[in-house]
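Protein chains in written order, with our numbering: chain A, 1 to 175; chain B, 1001 to 1262.
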């Protein structure tokens, strides 16, 4: 069906008026962005550490945090741990927190491995897989980069991450 | 809460499924665009060649953009520039570099024309449908809370499946474009129609999103921008003749100097 110029113009006006009316009607309530951001806050975890203490994520609020899920039997996990150690040494004094969460392994196995690797950042033990399930880890290694406000800024699945890659994420966390 | 993004292991590299969907969608988009190009009297290579260079440049550009933005991190570990870490790719940088290289290649090969842009539009619609599907698996572009029977559970509540709405809208636009291109309309018609339909669906569906970028007063930025694009594209469409003379769709002779004399 061919339309005349007048009909075309009327159709265009009708479409634009309808679009404008819909845009006005669908303006968002002011609290929308704040509410939705709150849903994406990081779940809290509390795990025993190799040092005999407890690591609780919520107590780190205000600090940039890296949570690295790993296991001694995972080759890319083993390959990237020295890079995390180097980054930890570089930024520890600036308040960076790194915790390696070992997944469902005997404590003595993890203790020997950490000593052999010379790691100094805290190692938490997820002995029953609670953190694995809570954080819905899909594969190892998985690394969460959590901002000072407690929200996850970035998540990397797989590895090994290079020192440069980790440092680049830390730059964003430190802001 | 944490969103469980599905992961696919490709050899030593773990690829998140959303990224893989976009990659496959790009390949499918090139194929669809190449078929559209044939309909308009162009050659398959007029789509595949700039597409290939755009893809390679896009990946390199995404890495380069990220490295430049975080130069202090890579200065201490230059080998990290060439690592397989997919998390150190900048999507915006990749898009800018990829599109620029594709356009430069097309210009150099004298492909850049309104008819060539028309050929790309079905592929663009399919790629955007793939992006919507990838958003479903990444939890992005999520919808407002809903009690409708087809609501999906996402981020701790039942919501409009806006990613599926958008995917279906883009597939419908793809179908419309393929039908229109078969009728050999005036060059530019498909491009303007794509812009009008895309912006129109964006104005409509943005209302169902919970993650809209908001302007002061609660105005959704995508709707405001969409209305402007819709207005301009509709006005320009109205001024195009309904159909092109037959000779407009005759196959082009390659203008590549190196091919002469073969």
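A virtual CB, placed ideally from N, CA and C, is assigned to each residue, including glycine.
On a predicted model such as this, the values are computed, not experimentally measured, just so you know.
Check, Outcome
"Is it buried or exposed, residue 13 of chain A, if we count other Cβ atoms within 10 angstroms and call 16 or more buried?", "exposed"
"In its own chain, which residues sit with a C-beta less than 6 Å from the C-beta of residue 124 of chain A, not counting the 5 before and 5 after it?", "47, 49, 55, 99 and 101"
"Short of 6 Å in beta carbon distance, which residues of its chain neighbour residue 1029 of chain B, apart from the five on each side in sequence? Order them along the chain.", "1123, 1126 and 1127"
"Check residue 1235 of chain B in the structure and name its three-state DSSP category.", "helix"
"What are the partner residues of residue 99 of chain A, as DSSP defines its beta bridges?", "A:67"
"With H, G and I counted as helix, E and B as strand and the rest as coil, what does DSSP make of residue 1143 of chain B?", "strand"
"Which residues in the same chain as residue 142 of chain A place their Cβ atom closer than 6 Å to its Cβ, once the five residues preceding and following it in sequence are excluded?", "69 and 157"
"At what residues does the alpha helix (DSSP H) containing residue 1182 of chain B begin and finish?", "1162 to 1182"
"Could you work out which residues of chain A lie near residue 1201 of chain B, taking near to mean beta carbons separated by less than 7 Å?", "Under the 7 Å cutoff, chain A gives no residues; its nearest Cβ is about 11 Å from residue 1201 of chain B."
"Tell me the residue span of the beta strand (DSSP E) that contains residue 155 of chain A.", "152 to 157"
"From this set, A:80, A:121 and A:51, which residue's C-alpha is nearest residue 91 of chain A's C-alpha?", "A:121"
"Measuring only between beta-carbons, confirm whether residue 189 of chain A sits less than 8 Å from chain B.", "Shown here, chain A extends from 1 to 175; a query on residue 189 of chain A therefore has no answer."
"Which residues of the region 120 to 145 of chain A have a Cβ closer than 8 Å to any Cβ of chain B? Give them in chain order.", "134, 135, 136, 138 and 139"
"For a quick check, are the C-beta atoms of residue 1180 of chain B and residue 1193 of chain B less than 8 Å apart?", "yes"
"By Cβ distance, which residues of its chain are closer than 6 Å to residue 1018 of chain B, with the 5 residues on each side in sequence left out?", "1134, 1137 and 1138"
"Could you name the residues of chain B that residue 147 of chain A contacts, counting a contact when the two beta carbons are closer than 7 Å?", "None at all; the shortest Cβ gap to chain B is about 15 Å."
"Quick check on the DSSP output: the beta strand (DSSP E) that includes residue 1153 of chain B runs from which residue to which?", "1152 to 1154"
"Under three-state DSSP, which class holds residue 1214 of chain B?", "strand"
"Using DSSP's beta-bridge definition, name the partner residues of residue 28 of chain A.", "Beta-bridge pairing links residue 28 of chain A to no other residue."
"Below 9 Å on C-beta distance, what does residue 1163 of chain B contact in chain A?", "Result: empty, since nearest Cβ-Cβ is about 15 Å, beyond 9 Å."
"Between which two residues does the beta strand (DSSP E) holding residue 1159 of chain B run?", "1157 to 1159"
"For the beta strand (DSSP E) holding residue 124 of chain A, just list the boundary residues, first then last.", "123 to 126"
"Starting from the Cα of residue 1106 of chain B, find the closest Cα among B:1212, B:1185 and B:1047 and give me that residue.", "B:1047"
"Please list, in chain order, the chain A residues whose beta carbon lies closer than 7 Å to that of residue 1006 of chain B.", "138"
"Kindly indicate which three-state DSSP category residue 144 of chain A falls into: helix, strand or coil?", "strand"
"Okay, do the region 1107 to 1121 of chain B and the region 1056 to 1063 of chain B touch, 3+ Cβ pairs below 8 Å being the bar?", "no"
"Cα separation between residue 16 of chain A and residue 1162 of chain B?", "23 Å"
"Could you check the C-alpha separation between residue 1007 of chain B and residue 140 of chain A for me, to the nearest Å?", "11 Å"
"Enumerate in chain order the residues of its own chain whose CB-to-CB distance from residue 1261 of chain B is below 8 Å, with the five nearest sequence positions on each side excluded.", "With a pLDDT of only 40 at residue 1261 of chain B, under 50, the local geometry of the prediction cannot be trusted, and no value is derived from it."
"Roughly how many angstroms separate the alpha carbons of residue 1257 of chain B and residue 1108 of chain B, rounded to a whole number?", "Model confidence at residue 1257 of chain B stands at a pLDDT of 40, short of 50, so the residue's coordinates are unreliable; what they give is reported in the following sentence. Cα-Cα distance, rounded: 11 Å."
"Check whether chain B comes within 8 Å of residue 154 of chain A, counting only Cβ atoms and requiring the distance to be less than that.", "yes"
"Give a yes or no on whether the C-beta atoms belonging to residue 86 of chain A and residue 175 of chain A are separated by under 8 Å.", "no"
"Taking the alpha-carbon of residue 1063 of chain B as reference, which of B:1089, B:1073, B:1083 and B:1103 has the nearest alpha-carbon?", "B:1089"
"If the cut-off is 7 Å on Cβ atoms, which residues from the region 68 to 99 of chain A count as contacting chain B, listed in chain order?", "none"
"Near residue 116 of chain A, which residues of its chain fall below 6 Å by C-beta distance, leaving aside the five closest residues on each side in sequence?", "none"
"Who are the neighbours of residue 173 of chain A on chain B, taking C-beta pairs under 8 Å?", "In chain order: nothing, as chain B lies at least about 12 Å away."
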